[in-house]
Amino acid sequence: MKRLAVFTSGGDAPGMNAHIRAVERTGHKRGLEVIGIIGGYAGMLAGQFEVLDRIRTANILDRGGTVLKTSRCPEFHEREGRDKAVAQLRAHGIDGVIACGGDGTFHGAHFLHEEHGIRIVGTPGTIDNDLSGTDFTIGYDSAINTAREAIDKIRDTADSHGRLFFVEVMGRHAGFIAMDVGVACGAEYVAVPETMTDVDLLYQRILAQGRDARTIVIVGEGDELGGAMELGRLMKERYGLDSKVSILGHMQRGGSPTVRDRVLAARLGAAAVDALLSGKTDVMVGEQHGEITYVPLEQTWTSRKAVPPYLLELSNILV
Ligand code: ADP
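With numbering that gives the first Met the number 0 applied, the sequence shown covers 0 to 318.
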């Protein structure tokens with residue numbers, strides 16, 4: 000292998016830049032040329048490739064987002080689109096690829112391997128932490144700390160006025176962010192996509208606080224009742240409760256990555272380069288129990304990673 004490419008795809012996550020830097024540095028230490036593909040699969044299709052060197056990856060480590068940009072690329076769902084992308088990889092002499100993203104990105108990467116024999120490994124880059132095969136994903140730690148900071152501030156104002164707040168955090172299919180920040184911020188109730196929201200229990204918890212007391216309810220955006228707005232509306236309709244709704248939204252994706260995310264991003268970047276050099280392909284490089292692990296890309300979406308039960312228990316005990 001002489002020339003490897005790296006790209007970021009799907010939802011952006013803090014730590015992606017630290018990851019790109021680690022791939023570039025490790026690649027060069029191993030005597031490889033390193034190419035950055037701009038804009039995820041869309042850029043791969045369009046042939047938007049650039050050489051990465053020390054200068055290009057200097058001063059990006061602490062920046063949120065991704066200097067390689069990212070995209071959603073519908074064309075990649077079709078074989079024809081993927082054929083075009085492979086033609087570009089071949090034209091640019093790429094013989095190994097690192098795809099940093101979530102399970103959508105890994106679907107595409109798996110097809111590149113299966114249909115064309117492209118040597119490709121995935122690295123988990125998503126704030127949702129919902130990929131099995133790794134304990135944590137790049138961006139998750141930063142996102143929960145950003146949410147924690149925002150919720151601490153909401154708590155100050157909620158406390159002063161004795162208000163009920165529904166705070167919506169990201170996580171379309173998984174409640175990792177909601178559960179962790181729920182426990183970290185002492186929420187009175189946490190609604191997550193994994194479990195049915197018990198509206199009566201929620202009402203009891205609110206009452207237990209006292210009608211005019213501060214109450215914080217964390218709602219994962221994928222909650223089956225339809226998010227914080229809907230839950231607030233339901234509590235008004237059913238119990239006559241007034242509340243405020245705060246949707247943290249895209250701010251959770253931004254900002255400078257935490258130490259944990261930078262170290263994870265660096266470690267997985269270096270490990271991904273070495274995985275390609277040792278002939279691995281069609282796997283995600285992750286970290287489990289402190290060790291680097293490799294799981295087939297397919298496993299990252301066929302087996303669902305569960306929110307640790309201790310978090311659910313804790314959030315019920317600590318109210
Ligand atoms: P994430 O990687 O964060 O899960 P997406 O689900 O948006 O984000 O996926 C990123 C991109 O990966 C998509 O825009 C598309 O180009 C490609 N992709 C997603 N799912 C598939 C699939 N089933 N087959 C081929 N490519 C896919």
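Here a beta-carbon is modelled for each residue, glycine too, at the ideal position from N, C-alpha and C.
It should be emphasised that the depicted structure is a prediction, and the values quoted were computed from it without experimental measurement.
For SER159, the CB stays at least 7 Å from every heavy atom of the ligand ADP. Bounds of the alpha helix (DSSP H) holding VAL182 are 175-183. Take THR194, set aside five residues on each side of it, and no residue of its chain has a beta-carbon closer than 6 Å to its own. Excluding residues up to 5 positions away in sequence, LEU201, ARG204 and VAL216 lie with their Cβ nearer than 6 Å to the Cβ of TYR188 in the same chain. In this structure, HIS106 has its beta carbon less than 7 Å from a heavy atom of the ligand ADP.
If you check the C-beta of THR125 against the ligand ADP, you find a heavy atom less than 7 Å away. The continuous stretches of beta strand (DSSP E) do not include GLN208, which lies in the alpha helix (DSSP H) extending over residues 198-208.
For MET0, the CB contacts under 7 Å within the same chain, skipping 5 residues up- and downstream, are LEU31, ASP94, GLY95, LEU275 and LEU276 in chain order. In this structure, HIS76 has its beta carbon less than 7 Å from a heavy atom of the ligand ADP. One Cα belongs to ALA190, the other to ALA269, and the distance between them is close to 37 Å.
The DSSP assignment places 95-100 and 119-123 as complete runs of the beta strand (DSSP E) inside the segment 94-154, in order along the chain (cut-off: 3 residues).
With contacts defined as CB atoms closer than 8 Å, GLU220 and GLU286 fail to qualify as a contacting pair. Counting only the Cα atoms, MET178 lies some 22 Å from ALA212. Boundaries of the alpha helix (DSSP H) harbouring ILE316: 308-316, taken from the DSSP string. Of the heavy atoms belonging to the ligand ADP, at least one sits nearer than 7 Å to the Cβ of PHE110. Among the bridge pairs identified by DSSP, LYS243 is matched with PHE164.
Residues VAL33 of the same chain have their beta carbon placed closer than 7 Å to that of HIS27, with the five preceding and five following residues left out of the count.
From the listed residues MET250, GLU290, LEU51 and VAL282, the smallest Cα separation to TRP300 is found for VAL282. In terms of Cβ geometry, LEU130 and GLY174 do not form a close pair [threshold 8 Å].
Within the model, the alpha-carbon separation for GLY38 versus THR65 is close to 9 Å. Leaving aside the five residues that flank GLN47 on each side, the residues in its chain whose CB is nearer than 7 Å to its CB run, in chain order, ILE36, ILE37 and GLY38.
Counting only runs of at least 4 residues, the segment 230-307 fully encloses the following alpha helix (DSSP H) elements, listed from N- to C-terminal order: 258-276 and 298-301. When DSSP states are grouped into helix, strand and coil, GLY26 belongs to the helix group.
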